[in-house]
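Participant: Residue numbers (my numbering): 1228 to 1560. Backbone N, C-alpha and C fix where the C-beta goes; we use that ideal spot for every residue, glycine too.
1) Would DSSP call residue 1518 helix, strand or coil?
2) What residues match up with residue 1509 in a beta bridge as DSSP calls it?
3) Once DSSP output is grouped into helix, strand and coil, what is the label at residue 1338?
4) Where do the N-terminal and C-terminal ends of the beta strand (DSSP E) with residue 1375 fall, by residue?
5) By Cβ distance, which residues of its chain are closer than 6 Å to residue 1253, with the 5 residues on each side in sequence left out?
6) Are residue 1501 and residue 1514 touching if we call contact CB-CB under 8 Å?
7) When the Cα atoms are used, what is the spatial distance from residue 1518 to residue 1260?
8) Out of 1535, 1541, 1534, point me to the one whose CA is closest to residue 1527's CA.
9) For residue 1257, tell me which candidate among 1326, 1296, 1283, 1361 has the shortest Cα-Cα distance.
10) Who pairs with residue 1463 in a beta bridge, going by DSSP?
11) Using alpha carbons as the reference points, say which of 1273, 1365, 1337, 1373 lies closest to residue 1294.
12) Just checking: is the beta-carbon of residue 1383 within a distance shorter than 8 Å of some beta-carbon in chain D?
13) How would you write the range of the alpha helix (DSSP H) that residue 1245 sits in, first residue to last?
14) Would you give the residue range spanned by the alpha helix (DSSP H) that residue 1537 belongs to?
15) By the 10 Å Cβ neighbour count, where 16 or more other Cβ atoms means buried, how is residue 1332 classified, buried or exposed?
16) Please report the distance separating the alpha-carbon of residue 1270 from that of residue 1291.
17) Inspect the beta-carbon positions of residue 1322 and residue 1297 and report whether they are closer than 8 Å.
18) What do you reckon, are the CB atoms on residue 1318 and residue 1344 nearer than 8 Å?
19) Determine the extent of the alpha helix (DSSP H) in which residue 1298 is found, giving its start and end residues.
20) By a C-beta neighbour count over all protein chains shown, 10 Å radius and 16 as the cutoff for buried, is residue 1455 buried or exposed?
21) Candidates 1499, 1337, 1520, 1420: which alpha carbon is nearest residue 1482's?
22) Could you say which of 1479, 1476, 1467, 1520 lies nearest to residue 1498 if we only look at CA atoms?
23) Keeping to the same chain, check which residues put their C-beta closer than 7 Å to that of residue 1453; ignore five residues upstream and five downstream.
24) Indicate the three-state DSSP secondary structure (helix, strand or coil) for residue 1436 in the structure shown.
25) Go through its chain and collect everything with a Cβ distance to residue 1432's Cβ below 7 Å, but skip five positions before and after it.
26) Can you tell me whether residue 1499 is helix, strand or coil according to DSSP?
27) If you draw a straight line from the C-alpha of residue 1447 to the C-alpha of residue 1245, how long is it?
28) For residue 1288, report the span of its alpha helix (DSSP H) as first-last.
29) How many angstroms separate the CA atom of residue 1336 from the CA atom of residue 1325?
30) Output the distance between the C-alpha atoms of residue 1394 and residue 1403, rounded to the nearest integer angstrom.
31) Helix, strand or coil for residue 1234 per DSSP?
32) Give me whichever residues DSSP pairs with residue 1263 in a beta bridge.
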């Protein structure tokens, strides 16, 4: 009998969900006898545009019977799904799915770490659900259906094992990637070193007590310091940002803006794809930029308040090395 793992939620934006998806995909590649459904990626499938996100396909991946009914009503494209998007109803489908799993003898519900959701769900609460732990795998396979949630559902050793397949699997759609490749190729043909930069402001004013928030002039100063350390190269910075920036602040020849929103007419996923194609990525802790660097297999350079004093550090394995980095581990867990 096929075993099923259903992941419902954990983390927030697209970058978070790509990290979740990579771990779930690695688990399924290692355990082909378990069918994995990632409900958390489902809302992002059309936006991401990739034709190869099968873990989010609720029609193909939902277990039959009551499970299928709950999932198709709660996460489908019908009237019920649209109603459940609105408060205070927006947690009901999650709560129902976990409650059913917690009550049935052929199922189980586990929550690994923080779900970052404004509602609670029934199930065994754990610090982590280690999908590469033999005992945990036996536990999961002891039931027909396991419903999981939380930011701590991980199998990093398997992500490393299958990293090339995961990269191939999760490349953005050609509508974004082709535009990004043309733009970055043109810059790489005229510069020695093309460096992607994520300016993350917005919620970073308060996230982690503002520890990784920098003003735009501070970002420019950091880029100038980095460029000075690579004075032997013709450096070009490709800047992606979650907020509009002052053109005059970044008008030097070495600065270029990414082609997506908010600078260009393109989708913000063009920015994501462009970061992935650069020779390196400078960034504060962020799943968005870290996963872009992972997809492009390019080094990651963390930005933090004392980076100039300590020196710019290069992480050659963006995801795995971030786990042990004091700063990047604030977002990659």
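Facilitator: Taking the structure as given:
1) Position 291 of the chain shown, counted from the first residue, corresponds to residue 1518. Of the three classes helix, strand and coil, the one that applies to residue 1518 here is helix, per DSSP.
2) For this step, residue 1509 is matched to residue 282 along the chain shown. DSSP lists 1424, 1528 as partners of residue 1509.
3) Stepping through the chain shown from its first residue, residue 1338 is reached at position 111. The answer is strand: DSSP assigns residue 1338 an E or B state.
4) Within the chain shown, residue 1375 is the residue found at index 148, counting from 1. Per DSSP, residue 1375 belongs to the beta strand (DSSP E) from 1372-1376.
5) As a first step, residue 1253 is located in the chain shown; it is residue number 26 there, counting from the start. Once the five neighbours on either side are set aside, the close Cβ partners of residue 1253 are 1382, 1385, 1386, 1389.
6) As a first step, residue 1501 is located in the chain shown; it is residue number 274 there, counting from the start. As a first step, residue 1514 is located in the chain shown; it is residue number 287 there, counting from the start. No. Outside cutoff.
7) Numbered from its first residue, the chain shown carries residue 1518 at position 291. Numbered from its first residue, the chain shown carries residue 1260 at position 33. Residue 1518 and residue 1260: Cα-Cα distance of roughly 27 Å.
8) Along the chain shown, one-based indexing puts residue 1527 at 300. When C-alpha distances from residue 1527 are compared across 1535, 1541, 1534, the shortest belongs to 1541.
9) Reading the chain shown from its first residue, position 30 is the one you call residue 1257. Nearest option by C-alpha distance: 1361.
10) Numbered from its first residue, the chain shown carries residue 1463 at position 236. Note: residue 1463 sits in a beta bridge opposite 1421.
11) For the purposes of this step, residue 1294 is taken as the residue at position 67 of the chain shown. Out of 1273, 1365, 1337, 1373, 1373 has the C-alpha closest to the C-alpha of residue 1294.
12) No chain D is part of this structure, which consists of one protein chain only.
13) For the purposes of this step, residue 1245 is identified with residue 18 of the chain shown, where counting begins at 1. Start and end: 1241-1257.
14) Along the chain shown, read from residue 1 onward, the residue named residue 1537 stands at position 310. Looking at the DSSP string, the run of the alpha helix (DSSP H) that includes residue 1537 is 1534-1537.
15) As a first step, residue 1332 is located in the chain shown; it is residue number 105 there, counting from the start. With fewer than 16 other beta carbons inside 10 angstroms of its own, residue 1332 counts as exposed.
16) Against the chain shown, residue 1270 aligns to sequence position 43. Against the chain shown, residue 1291 aligns to sequence position 64. Using only the alpha carbons, I get a separation of about 21 Å.
17) Looking up residue 1322 in the chain shown gives position 95. Looking up residue 1297 in the chain shown gives position 70. Going by C-beta atoms, residue 1322 is not nearer than 8 Å to residue 1297.
18) Looking up residue 1318 in the chain shown gives position 91. Looking up residue 1344 in the chain shown gives position 117. In this structure, residue 1344 lies closer than 8 Å to residue 1318 by Cβ.
19) One-based indexing of the chain shown puts residue 1298 at position 71. Under the DSSP assignment, residue 1298 falls in the alpha helix (DSSP H) whose first and last residues are 1293-1302.
20) Your numbering for residue 1455 matches position 228 in the chain shown. The residue is exposed, with fewer than 16 neighbouring Cβ atoms inside 10 Å.
21) Locating residue 1482 in the chain shown gives position 255, counting from the first residue. Among 1499, 1337, 1520, 1420, the Cα nearest to that of residue 1482 belongs to 1420.
22) One-based indexing of the chain shown puts residue 1498 at position 271. Among 1479, 1476, 1467, 1520, the Cα nearest to that of residue 1498 belongs to 1467.
23) If you number the chain shown from 1, residue 1453 lands on position 226. Once the five neighbours on either side are set aside, the close Cβ partners of residue 1453 are 1509, 1539.
24) Translated into positions along the chain shown, residue 1436 becomes position 209. Helix.
25) Residue numbering aside, residue 1432 sits at position 205 when the chain shown is read from its first letter. 1440, listed in sequence order.
26) Along the chain shown, one-based indexing puts residue 1499 at 272. Helix at residue 1499.
27) Start at 1 with the first residue of the chain shown, and residue 1447 comes out as number 220. Start at 1 with the first residue of the chain shown, and residue 1245 comes out as number 18. The straight-line gap from Cα to Cα measures roughly 29 Å.
28) For the purposes of this step, residue 1288 is taken as the residue at position 61 of the chain shown. In this chain, the alpha helix (DSSP H) harbouring residue 1288 covers 1285-1288.
29) Against the chain shown, residue 1336 aligns to sequence position 109. Against the chain shown, residue 1325 aligns to sequence position 98. Rounded to the nearest angstrom, the two C-alpha atoms are 6 Å apart.
30) Sequence index remark: in the chain shown, residue 1394 carries index 167 (1-based). Sequence index remark: in the chain shown, residue 1403 carries index 176 (1-based). Distance between the alpha carbons of residue 1394 and residue 1403 is about 16 Å.
31) Along the chain shown, one-based indexing puts residue 1234 at 7. Note: residue 1234 maps to strand in three-state DSSP.
32) The count along the chain shown starts at 1 and reaches residue 1263 at position 36. According to DSSP, which records beta bridges pairwise, residue 1263 is partnered with 1232.
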